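Chemist:
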Amino acid sequence: MHSHPDRPFVMGGVFHGGTALGGGSGNSVKSIMTRSGHKIIFTEDESIIITDKSGNEIHLDTSGSNINITALETMTLNCKNMFINVGENMSTSVGQNQSNNVGQNRDESIGMNSSQSIGMNSTQSVGAIKMTSVVGDASVFITGKLTEMIEGDVHSETKQGKTVVNSEQGIETSTSGQIKKDAQGNIDNRSGEIGKSH
């Protein structure tokens with residue numbers, strides 16, 4: 001321009017099939033591609049695709065209102081605070097291990113039901129006090145043995161109703177101290193056979 005060699009005027013361009021993506025049918029695709037293979041593709045069907053030469057991709061699907069991010073290896077998010085708002089459903093799938101580390105408190109609120117399925121073992125460790133509150137009924141089903149190791153006292157209180165213990169193989173009680181029974185009513189000891197007292 002103005003006869004200056006550093007200010008050329010370009011009337012058009014001719015693309016080589018080996019170095020440029022081309023506009024496709026109807027020239028509906030606009031793209032930018034670096035020599036190393038990084039690409040930004042704009043299409044007339046309202047989508048933007050950003051791809052690097054290794055295959056990592058960000059796909060903005062404007063017509064479908066979707067965003068897809070694909071990383072072939074590790075994806076890392078670093079920030080001070082993070083808020084995730086999901087209007088409807090959210091699913092998380094982990095192929096192998098998952099670790100969660102919370103430095104201080106953790107709160108979880110579930111409006112309706114919660115279900116957890118563990119294929120093998122489960123371990124829970126509480127450093128101080130643990131409290132469990134159930135408004136309705138609570139049931140525990142164990143097909144094997146139940147072992148409880150308590151170093152302090154055990155206090156069980158039933159404010160309404162009664163306490164029932166059933167066993168098909170027998171009940172054994174052993175203590176190195178005393179056994180006390182206090183009842184405001186009668187104490188009935190019944191046996192189908194003659195008992196022994198030592």
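Note that the UniProt record's numbering has the sequence shown beginning at 1, numbered continuously upward.
Beta carbons: idealized from backbone N, C-alpha and C, even for Gly.
Nothing here was measured: the structure is a model prediction, and the numbers come from that model.
1. Met82 to Gln178, Cα distance in whole Å?
2. Just checking my contact of Asn56 with Thr70 at CB under 8 angstroms: how many whole Å lie between their CB atoms?
3. Following the continuous beta strand (DSSP E) through His59, name the residue where it begins and the one where it ends.
4. Relative to the C-alpha of Lys162, which candidate in Val10, Ser174, Thr175 and Ala183 has its C-alpha closest?
5. Starting from Asn68, trace the beta strand (DSSP E) in both directions and tell me its first and last residue.
6. Going straight from the alpha carbon of Ile49 to that of Gln104, what length do you get?
7. For the beta strand (DSSP E) that Ile41 lies in, which residues bound it at each end?
8. Have a look at Asp52, Glu46 and Asp45 and flag the residue whose alpha-carbon is nearest the alpha-carbon of Ile32.
Modeler: Quick answer:
1. Taking the first residue of the sequence shown as 1, we reach residue 82 at position 82. Taking the first residue of the sequence shown as 1, we reach residue 178 at position 178. Cα to Cα, the separation comes out at about 59 angstroms.
2. Taking the sequence shown and counting its residues from 1, the one referred to as residue 56 is at position 56. Taking the sequence shown and counting its residues from 1, the one referred to as residue 70 is at position 70. Right, the Cβ-Cβ distance comes to about 6 angstroms (below 8 angstroms), so this counts as a contact.
3. The residue given as residue 59 occupies position 59 in the sequence shown. Glu57 to Asp61 is the span of the beta strand (DSSP E), which, as asked, contains His59.
4. Taking the sequence shown and counting its residues from 1, one reaches residue 162 at position 162. For Lys162, the nearest C-alpha among the options comes from Ala183.
5. Mapped onto the sequence shown, residue 68 falls at position 68. That run of the beta strand (DSSP E) goes Asn66 to Thr70.
6. Within the sequence shown, residue 49 is the residue found at index 49, counting from 1. Within the sequence shown, residue 104 is the residue found at index 104, counting from 1. Computed Cα separation, rounded: 40 angstroms.
7. Here residue 41 corresponds to residue number 41 of the sequence shown, with the count starting at 1. Its beta strand (DSSP E) spans residues Lys39 to Thr43.
8. Start at 1 with the first residue of the sequence shown, and residue 32 comes out as number 32. It is Asp52.
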